[in-house]
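Mind the numbering: the sequence shown is residues 2 to 297 in our numbering, read in order.
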Amino acid sequence: MKRVATILTMIIAIATLATAQPQVIHTWHGTSVNKEDVTLTAYVPEHPNGTAVIVCPGGSYHWLDLNTEGHDVARRLNQHGITAFVLKYRVAGIAAFVTHYRVAGGGNRFPHMLQDLQRSLQLVRANSANYGINPHKIGVMGFSAGGHMALMAAVFGNDNYLERLGITTTVSLAPDFIAPIYPVVSMTDKCTHGRSRRGIMGEDRLGDEQLRNILSMELQASKIKCPVFLVNCVDDPIVDYRNSVLMDSALTACNVEHQYLQFATGGHGFGATPSKTSAEAATWFTSFLEWIDSLK
2 MKRVATILTM IIAIATLATA QPQVIHTWHG TSVNKEDVTL TAYVPEHPNG
52 TAVIVCPGGS YHWLDLNTEG HDVARRLNQH GITAFVLKYR VAGIAAFVTH
102 YRVAGGGNRF PHMLQDLQRS LQLVRANSAN YGINPHKIGV MGFSAGGHMA
152 LMAAVFGNDN YLERLGITTT VSLAPDFIAP IYPVVSMTDK CTHGRSRRGI
202 MGEDRLGDEQ LRNILSMELQ ASKIKCPVFL VNCVDDPIVD YRNSVLMDSA
252 LTACNVEHQY LQFATGGHGF GATPSKTSAE AATWFTSFLE WIDSLK
């Protein structure tokens with residue numbers, strides 16, 4: 002019986018290794034930034050193909066849809082050999098959404114969420130060998146407000162927002178590709194998603210025209226130096242579809258390599274879950290995989 006128990010223990014151990022559990026990384030651990038709630042959850046496939054994606058869930062910069070637009074996306078990426086990292090970044094919070102008021106000091110707002118993403122890019126790239134990742138194949142995929150995050154990663158890729166925190170880096174903070182999915186784009190156009198603008202800027206800075214321009218991704222398209230995969234649906238009831246139309250036009254005008262998929266139906270908030278969108282919009286994920294392969 003003792004031998005049987007030993008064998009069973011070994012089998013369980015082997016099974017556990019074969020189905021490695023996601024690893025939660027405290028992004029700011031070991032720095033002066035006291036934000037233990039900012040995390041990266043690493044999903045490593047059994048056979049990594051060298052590509053990595055940092056996944057930024059949406060939530061109007063007030064909350065995060067960590068399941069549909071985070072962990073579920075990561076698991077699906079894993080099925081195709083892509084290593085995924087789900088970023089739980091700083092947002093304004095539910096209280097700010099309800100009261101339209103921030104805590105003393107302004108609470109979470111730009112550039113906090115961008116710093117969370119740049120720190121994540123730094124960590125993933127610096128530790129790429131440990132995850133079987135090609136350091137030149139690290140991208141950012143974001144949904145809704147997370148799509149705005151993905152665009153910011155590319156726009157500000159050469160602007161080190163970690164320096165002001167006393168953090169030095171020897172690796173690039175720029176993504177090698179981005180995939181904004183039904184993204185928030187503009188902070189100035191009439192199609193602006195007001196709740197996201199309030200979430201990232203803060204109520205007291207909404208009148209800051211310079212900041213609104215800086216955070217309007219269609220006005221910053223010339224700074225994007227990596228390929229872009231852009232997706233949205235015309236019947237999106239949350240983020241006006243014209244956000245992506247503006248971005249597509251700006252990328253085209255600036256000769257930025259990109260692919261734009263616009264679907265007539267599909268709505269919003271579906272992540273990579275086919276059952277939560279239309280049959281046509283559900284094809285975006287397969288198209289993304291084909292697009293990634295074309296970049297090799």
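The beta carbon of each residue, even a glycine, is placed where N, CA and C say it ideally should be.
Separation of L166 and S33 (C-alpha to C-alpha, rounded to the nearest whole angstrom) is 8 Å. By alpha-carbon distance to F98, the top candidate from R110, K89 and T189 is R110. In this structure, A85 lies near V56, with their beta-carbon atoms less than 8 Å apart. Under the DSSP definition of a beta bridge, K226 lacks any partner.
In terms of CA proximity to P181, Y261 leads the group Y261, D241, L41 and D190. Shown here, V99 sits in a helix according to DSSP, grouped into three states. At the C-beta level, L163 and Q211 stay beyond 8 Å of one another. Contact between the segment 260-274 and the segment 225-241 is present: three or more C-beta pairs spanning the two stretches fall below 8 Å. Per DSSP, the continuous beta strand (DSSP E) segment holding V25 begins and ends at Q24 to H27. The segment 134-150 makes contact with the segment 45-63; the number of CB pairs closer than 8 Å reaches 3 or more. Of the candidates E219, G272, H269 and D237, E219 places its Cα closest to the Cα of V257. Residue pairing of A43 in beta bridges, as defined by DSSP: Q24 and F86. In this structure, G71 lies near V87, with their beta-carbon atoms less than 8 Å apart. In this structure, C234 and A282 form a Cβ contact; the two beta carbons are roughly 5 Å apart against a cut-off of 8 Å. Listed in chain order, the non-local C-beta contacts of L247 below 8 Å within the same chain comprise V186, S187, D190, C192 and E219, local neighbours out to five positions each way being set aside.
Taking each of E47, T169, A222 and S173 in turn and checking the Cα distance to D249, the smallest one comes out for A222.
Around the Cβ of S245, a 10 Å sphere holds 16 or more other Cβ atoms; the residue is buried. A straight line joining the alpha-carbon of Y242 with that of P184 spans about 9 Å.
Secondary structure note for A53: its beta strand (DSSP E) is the uninterrupted segment A53 to C57. In this chain, the alpha helix (DSSP H) harbouring Y132 covers S129 to Y132.
For M202, there is no enclosing beta strand (DSSP E); the enclosing alpha helix (DSSP H) has its first and last residue at G195 to M202. Bridge partners of A180 according to DSSP: M142.
Under the three-state reduction of DSSP output, L262 falls in the strand class. Secondary structure of V232 (DSSP, three-state): strand. Note on P238: under 16 other CB atoms within 10 angstroms of its CB, so exposed under the neighbour-count rule.
In this structure, DSSP gives K36 a state outside helix and strand, which the three-state scheme calls coil.
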